[in-house]
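Following: one structure in structure tokens, then a few remarks.
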Amino acid sequence: MKGPLFYSKILLFGEYGIIKDSKGLSIPYNFYNGALKTDKNPSEAALKSNQSLKRFVSYLETINPELVTFDIDTLKSDVDAGMYFDSSIPQGYGVGSSGALVAAIYYNYAHNKITVLENLTREKLLILKSIFSEMESFFHGKSSGLDPLNSYLSIPILINSKDDIEATGIPSQKADGKGAVFLLDSGIIGETAPMVSIFMENMKQEGFRNMLKDQFIKHTDACVEDFLKGDIKSLFKNTKQLSKVVLNNFKPMIPQQFHELWKKGIETNEYYLKLCGSGGGGYILGFTENIDKAKQSLKDYKLEVVYNF
Numbered sequence: 001m002k003g004p005l006f007y008s009k010i011l012l013f014g015e016y017g018i019i020k021d022s023k024g025l026s027i028p029y030n031f032y033n034g035a036l037k038t039d040k041n042p043s044e045a046a047l048k049s050n051q052s053l054k055r056f057v058s059y060l061e062t063i064n065p066e067l068v069t070f071d072i073d074t075l076k077s078d079v080d081a082g083m084y085f086d087s088s089i090p091q092g093y094g095v096g097s098s099g100a101l102v103a104a105i106y107y108n109y110a111h112n113k114i115t116v117l118e119n120l121t122r123e124k125l126l127i128l129k130s131i132f133s134e135m136e137s138f139f140h141g142k143s144s145g146l147d148p149l150n151s152y153l154s155i156p157i158l159i160n161s162k163d164d165i166e167a168t169g170i171p172s173q174k175a176d177g178k179g180a181v182f183l184l185d186s187g188i189i190g191e192t193a194p195m196v197s198i199f200m201e202n203m204k205q206e207g208f209r210n211m212l213k214d215q216f217i218k219h220t221d222a223c224v225e226d227f228l229k230g231d232i233k234s235l236f237k238n239t240k241q242l243s244k245v246v247l248n249n250f251k252p253m254i255p256q257q258f259h260e261l262w263k264k265g266i267e268t269n270e271y272y273l274k275l276c277g278s279g280g281g282g283y284i285l286g287f288t289e290n291i292d293k294a295k296q297s298l299k300d301y302k303l304e305v306v307y308n309f
């Protein structure tokens, strides 16, 4: 194995909004991880990953050398020797599978890399974010660079705006807390690029832009502040509003069979759902004040608790 494990991430708040400068809060999710590896007898998945890495290496050679350079010769010879990304992070699930790969490549092959042990000034975080944004664009067409940043640093990141990000602490979990953030498995693989292009198309309409600014971003920002302050009462009030706004305005990003379930949560207050990443499938993020009730209500679905209040 080359280098350490890199973990998945969850963008708790800020999906789509951060494209337009809302706040965002991203946390590492250590349940899934990945690392670069070489095997004597590679599996089919390993061979497929190796092929994808070959294409990625060609892409990395085209990145502006003033931004970042890599030890391409070593990287190429490792990939030619069969190196692949061994990952338990599900792809197309909104938990940062390509982000972890980007972090691993940067960690192992970048020249003059910024390390986790340095004093991470805002300036260094922004440099890392722009490097990762360029690298991850290979997978998504357009990337904010936040997923790899989270995976690389393995600490919660607070996004105040595009040019203002900082490492942050989040309230410590209550192991016996009834309140919880959870992931709901939609059972469908989501693709980021088509979802982002639907969003960009919608942004051409004035009504959608106004909704984003006056409702979506307003509630997203409030949720981030509530979460960091540990104001649970206000957090659930704002999460409910956010869940409504998403149901009313982001329908294409919610798999059809979850529309009713989404609505049921808002009506019963047993749980509130929101997008996890770009949507279209993958995981759906849920918030509940009573995890037992939510589990009962969602017993037909695969549910993973991420954080307890």
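Residue numbering for the sequence shown follows full-length UniProt numbering, beginning at 1 and increasing consecutively.
Note that the Cβ used here is the ideal one computed from N, Cα and C, for glycine as well.
Predicted, not measured: the structure shown is a model, and the values here were computed from it.
Closest by CA to Phe182, which one among Tyr271, Leu53, Phe70, Thr115? Tyr271
Which term fits Val116, buried or exposed, when burial requires 16 or more other beta carbons within 10 angstroms of its beta carbon? exposed
Quick check: what's the CA-CA separation for Glu61 versus Ile72? 8 Å
Quick check: what's the CA-CA separation for Asn210 versus Glu267? 25 Å
Spell out whether any CB of chain B is found under 8 Å from the CB atom of Glu136. As a matter of chain content, chain B is missing from the structure shown, which is built from one protein chain.
Could you tell me the boundaries of the alpha helix (DSSP H) in which residue 310 lies? Residue 310 lies beyond the range of the chain shown here (1 to 309); nothing can be said about it.
Taking 8 Å as the cut-off, decide whether the C-beta atoms of Gly99 and Ser186 are in contact. Taking 8 Å as the cut-off, the Cβ atoms of Gly99 and Ser186 do not count as close.
Using alpha carbons as the reference points, say which of Tyr29, His259, Glu136, Pro28 lies closest to Leu53. Glu136
Separation of Phe13 from Asp231, as counted between CA atoms: 15 Å
Is the CB-CB distance between Asn33 and Tyr84 below 8 Å? no
In the structure shown, what three-state DSSP assignment does Pro171 receive? coil
Going by DSSP in three states, Asn81 sits in which element: helix, strand or coil? First, the amino acid is wrong: residue 81 is Ala here, not Asn. In this structure, Ala81 counts as coil in the three-state DSSP scheme.
Across which residues does DSSP place Thr288 in a beta bridge pair? In the DSSP assignment, the residues bridged to Thr288 are Ala180.
How would you write the range of the alpha helix (DSSP H) that Ile232 sits in, first residue to last? 232-249
Excluding the five sequence neighbours on either side, which residues of its own chain have a C-beta within less than 8 Å of the C-beta of Leu298, listed in chain order? The answer, listed in chain order, is Leu184, Leu261, Tyr271, Gly286.
Taking 8 Å as the threshold, find out whether the stretch 145-165 comes into contact with the stretch 13-31 through three or more Cβ pairs. yes
Return yes when the Cβ of Ala104 is within less than 8 Å of the Cβ of Gly3, no when it is not. yes
Given 8 Å, three or more beta-carbon pairs between the stretch 117-126 and the stretch 76-83: With a cut-off of 8 Å, the stretch 76-83 and the stretch 117-126 do not count as touching, because too few Cβ pairs lie within range.
Three CB pairs or more closer than 8 Å across the stretch 253-260 and the stretch 231-242: no
Start and end of the beta strand (DSSP E) containing Ile157? DSSP places Ile157 inside the beta strand (DSSP E), whose first and last residues are 157-161.
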